[in-house]
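Undergrad: Take the sequence shown: its letters are residues 27 to 502, numbered as in our numbering.
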Amino acid sequence: MKDASFYLLTDSHYVSKKNWVEGKPFTFRERNDQIALKATPEILDTFIEKIIADKGTDTVLFTGDNVNNCDMNSHVEFRERLERLVDAGKKVYVIYATHDYSGQGEDNNWFSACRYTQSGTEPIESMTKGGLFDFYYDYGPKQALSVHRESGSYSVKLGEKVRLIAIVDNGDGGGYCGLFEDGVKWLKDEILKAKKAGDYILLATHHPVLPPWEVYRHVAENEMFGGYKELWKIMCENDVRVIFTGHTHVQNIRKYTDENGKWFLDISTIALANAAGKMRKISVDENGGCSVTSIGIEKLNGLDTGSLSAFDYLYNLNFPGIWEKLIPLASKDFKAFIELAEGYLPVEKLRKHRLLIGLAGKRVMKTKLSFAAKLGKGWKNLSETEKQQLKNIKLADTAFEILRHIFTGNAPFTPDTVEYKALNALVERADRIVDRFNIKSVKKIIPDCSSLTEMAQDFLYNCRTGDDDEINFTLK
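(1) Give me, in chain order, the residues of the same chain whose beta-carbon lies closer than 6 Å to that of Pro149; leave out the 5 immediate sequence neighbours on both sides.
(2) Terminal residues of the continuous alpha helix (DSSP H) containing Ser467?
(3) Give me the DSSP bridge partner(s) of Thr154.
(4) Where does Phe46 sit, in a helix, a strand or coil, going by DSSP?
(5) Thinking C-alpha only, which one of Lys288, Leu416, Glu207 and Leu184 is nearest His174?
(6) To test your reading of the DSSP string, which unbroken alpha helix (DSSP H) runs of 4 or more residues are found completely within the region 97-144?
(7) Under the three-state reduction of DSSP, which class applies to Asn58: helix, strand or coil?
(8) Measuring alpha carbon to alpha carbon, tell me which residue in Glu132, Phe54 and Val120 is nearest Phe104.
(9) Does the separation of the CB atoms of His125 and Ala299 fall below 7 Å?
(10) Express the C-alpha separation of Asp113 and Glu240 in angstroms, rounding to a whole number.
(11) For Ala399, which option in Leu108, Thr443 and Arg389 has the closest C-alpha, if you only look at C-alpha atoms?
(12) On the three-state DSSP scale, how would you describe Thr231?
(13) Quick one: is the Cβ of Gly347 within less than 6 Å of any heavy atom of the ligand SAM?
(14) In chain order, what residues of the same chain lie with their CB nearer than 6 Å to the CB of Val194, ignoring the 5 residues before and after it?
(15) When the Cβ atoms of the region 62-78 are set against those of the region 320-331, are three or more pairs found closer than 8 Å?
(16) Between which two residues does the alpha helix (DSSP H) harbouring Trp258 extend?
(17) Let me know if Ile465 comes out buried or exposed under the rule of 16 or more other beta-carbons within 10 Å of its beta-carbon.
(18) Excluding the 5 residues preceding and the 5 following Arg110 in the sequence, name in chain order all residues of the same chain whose CB lies nearer than 8 Å to its CB.
(19) Skipping 5 residues on each side, what residues in its chain have a beta carbon closer than 7 Å to that of Ile471?
(20) Using 10 angstroms around the beta-carbon of Ser152, count the other beta-carbons present and answer buried if the total reaches 16, otherwise exposed.
(21) In the structure shown, what three-state DSSP assignment does Glu368 receive?
(22) Pull up the distance between the alpha-carbon of Thr36 and that of His275, whole angstroms please.
(23) Can you say whether His101 is buried or exposed, counting buried as having 16 or more other CB atoms within 10 angstroms of its CB?
(24) When burial is assigned at 16 or more other CB atoms within 10 Å of the CB, is Gln60 buried or exposed?
(25) Quick check on DSSP: helix, strand or coil for Thr479?
(26) Thinking just about the alpha-carbon of each residue, which of Thr271, Lys64, Ala223 and Asp29 is nearest to the one in Gly90?
(27) Beta-carbon separation of Gly387 and Ala437 under 7 Å?
(28) In terms of residues, what are the limits of the alpha helix (DSSP H) holding Glu454?
(29) Thinking C-alpha only, which one of Glu132, Leu171, Pro167 and Lys417 is nearest Gly197?
(30) Let me know the secondary structure DSSP gives Ala192 once reduced to three states.
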């Protein structure tokens with residue numbers, strides 16, 4: 027068989043320029059969502075142009091939250107871009123998710139389409155859950171070997187021996203985003219059919235099956251695939267090696283292994299609308315070897331960013347970039363701090379504590395990483411060279427560096443770095459305090475047989491697979 031390859035994009039959160047004018051209402055929405063909403067057309071167009079330029083890969087998969095707020099303007103323009111890909115000879119498959127429709131009594135989804143004016147919002151036409159299947163019928167169901175009509179899930183051939191099972195996991199649109207009983211049965215049947223045909227199996231859905239960090243499962247379990255533990259079992263029992271997901275906006279590769287040594291990977295892809303947004307390119311060879319690489323963009327086509335790269339332009343609009351600006355402003359320019367925080371933090375409460383915020387900001391910006399090492403009782407275990415290094419590193423700079431990798435993956439501080447040694451010692455001491463004083467509020471968020479130290483390691487370095495951008499494995 028020939029190699030089968032495709033591009034995977036997720037969480038484009040497309041917003042039509044018909045839906046907003048410059049003003050506080052939409053600027054505050056962008057800050058609140060912590061993604062680059064205003065630039066979503068240019069971001070998507072830039073990635074599409076990159077895909078069209080690749081003559082060797084003819085398949086593209088979008089895995090949900092294709093638009094940001096379920097409105098028809100954005101859906102129509104998003105579909106026009108799918109047609110650009112089709113016109114360029116690409117086969118296009120689409121999964122949709124909760125941002126893509128308004129519940130309107132069909133389920134518990136709360137999204138409601140609106141246009142942002144200079145003073146507020148006004149309602150506009152929205153996509154219903156029932157309308158999604160027909161609207162995107164040409165991008166998956168039309169080519170499918172099998173369709174589960176209730177959910178909109180489908181299976182298609184990507185190559186002679188490669189089968190994609192695309193799971194639409196809207197569930198009830200609220201606290202349960204997964205397949206109901208009939209959908210689970212359909213999924214099991216499709217996996218058995220694929221195995222009987224000798225096909226290599228790829229699964230894709232929107233919500234995560236494995237958490238990007240272990241703490242995620244304990245504070246946001248309703249944001250994971252509904253019935254994820256059952257899916258773990260289905261995948262391991264049938265030797266299904268991979269599922270591609272989105273939703274978390276995190277570039278992440280995580281492996282699950284059951285008690286029998288059976289395993290699979292959850293490969294999550296960062297949102298296109300995030301700073302350093304990337305798409306994945308997946309290739310499967312005739313022997314079942316699967317390679318996953320990541321591709322970003324350097325410049326945003328159609329948008330004047332001056333001399334800034336795509337990352338530098340978009341970074342300030344995302345969660346890490348906002349905080350990297352907010353904290354220094356708290357101590358230097360309270361007025362600018364409030365202006366940036368407005369629409370993102372409760373500014374009226376902040377104004378009442380101006381002095382305290384200013385003092386806290388100064389303290390945070392002056393504190394060296396050596397303080398964390400001493401507080402964590404790790405100072406005595408460091409060499410003189412390491413101690414001097416820590417005295418020259420600001421704790422805030424280290425925190426900002428961790429934040430920069432929250433969504434982009436590959437956290438920066440491996441165990442041989444002084445930053446890791448200082449922060450790890452601090453968290454280890456916190457574990458001892460939690461145990462000694464039996465602090466139940468903290469213990470609630472700690473997974474069974476785990477610790478704060480293990481949870482912190484997810485944010486310090488890639489202790490999972492070594493690289494969140496690339497991986498090679500076998501589908502056999």
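We treat Cβ as the ideally placed atom computed from N, Cα and C, and that holds for glycine.
TA: So, from the data block:
(1) By one-based count along the sequence shown, residue 149 stands at place 123. Closer than 6 Å at Cβ, skipping near neighbours: Cys140.
(2) Here residue 467 corresponds to residue number 441 of the sequence shown, with the count starting at 1. Its alpha helix (DSSP H) spans residues Lys466 to Lys469.
(3) Residue numbering aside, residue 154 sits at position 128 when the sequence shown is read from its first letter. Per DSSP, Ser128.
(4) Position 20 of the sequence shown, counted from the first residue, corresponds to residue 46. A small fix is needed here, since residue 46 is Trp in this sequence, not Phe. Three-state DSSP puts Trp46 in a strand.
(5) Position 148 of the sequence shown holds residue 174. Out of Lys288, Leu416, Glu207 and Leu184, Glu207 has the C-alpha closest to the C-alpha of His174.
(6) 98-113
(7) As a working note, residue 58 is residue 32 in the sequence shown. Note: Asn58 maps to helix in three-state DSSP.
(8) Numbered from 1 along the sequence shown, position 78 holds the residue referred to as residue 104. For the residues Glu132, Phe54 and Val120, the minimum Cα distance to Phe104 belongs to Val120.
(9) Locating residue 125 in the sequence shown gives position 99, counting from the first residue. Locating residue 299 in the sequence shown gives position 273, counting from the first residue. Not a contact, by the Cβ cut-off of 7 Å.
(10) Your numbering for residue 240 matches position 214 in the sequence shown. Your numbering for residue 113 matches position 87 in the sequence shown. Computed Cα separation, rounded: 42 Å.
(11) What you label residue 399 is simply residue 373 of the sequence shown in a count that begins at 1. Nearest of Leu108, Thr443 and Arg389 to Ala399, Cα basis: Thr443.
(12) Against the sequence shown, residue 231 aligns to sequence position 205. In the structure shown, Thr231 sits in coil (DSSP, three-state: anything other than H, G, I, E or B).
(13) The model depicted lacks the ligand SAM and carries no ligand whatsoever.
(14) For this step, residue 194 is matched to residue 168 along the sequence shown. Only Ile121, Ser177, Gly178 and Ser179 meet the Cβ criterion.
(15) yes
(16) For this step, residue 258 is matched to residue 232 along the sequence shown. That run of the alpha helix (DSSP H) goes Tyr254 to Glu263.
(17) Here residue 465 refers to the residue found at position 439 of the sequence shown. Exposed, since its Cβ has fewer than 16 Cβ neighbours within 10 Å.
(18) Residue mapping note: residue 110 aligns to position 84 of the sequence shown, counting from 1. Hits under 8 Å: Ile74 and Ile78.
(19) By one-based count along the sequence shown, residue 471 stands at place 445. If we look at Ile471 and ignore the five residues flanking it on each side, its Cβ neighbours are Val241, His244 and Val245.
(20) Taking the sequence shown and counting its residues from 1, one reaches residue 152 at position 126. That one is buried.
(21) On the sequence shown, position 342 is the one that residue 368 refers to. It is a strand residue.
(22) As a working note, residue 36 is residue 10 in the sequence shown. As a working note, residue 275 is residue 249 in the sequence shown. Distance between the alpha carbons of Thr36 and His275 is about 8 Å.
(23) Position 75 of the sequence shown holds residue 101. Result: buried.
(24) Counting from one through the sequence shown, the residue named residue 60 turns up at place 34. When all chains shown are included, Gln60 counts as buried.
(25) Translated into the one-based positions of the sequence shown, residue 479 becomes position 453. Here Thr479 sits in helix by DSSP.
(26) Locating residue 90 in the sequence shown gives position 64, counting from the first residue. The residue with the shortest Cα to Cα distance from Gly90 is Thr271.
(27) As a working mapping, residue 387 is identified with position 361 in the sequence shown. As a working mapping, residue 437 is identified with position 411 in the sequence shown. Not closer than 7 Å, so no.
(28) In the sequence shown, the residue the question calls residue 454 occupies position 428. That run of the alpha helix (DSSP H) goes Val444 to Phe463.
(29) Here residue 197 refers to the residue found at position 171 when the sequence shown is read from its first residue. Looking at the Cα atoms, Glu132 is the closest of the given residues.
(30) As a working note, residue 192 is residue 166 in the sequence shown. Three-state DSSP puts Ala192 in a strand.
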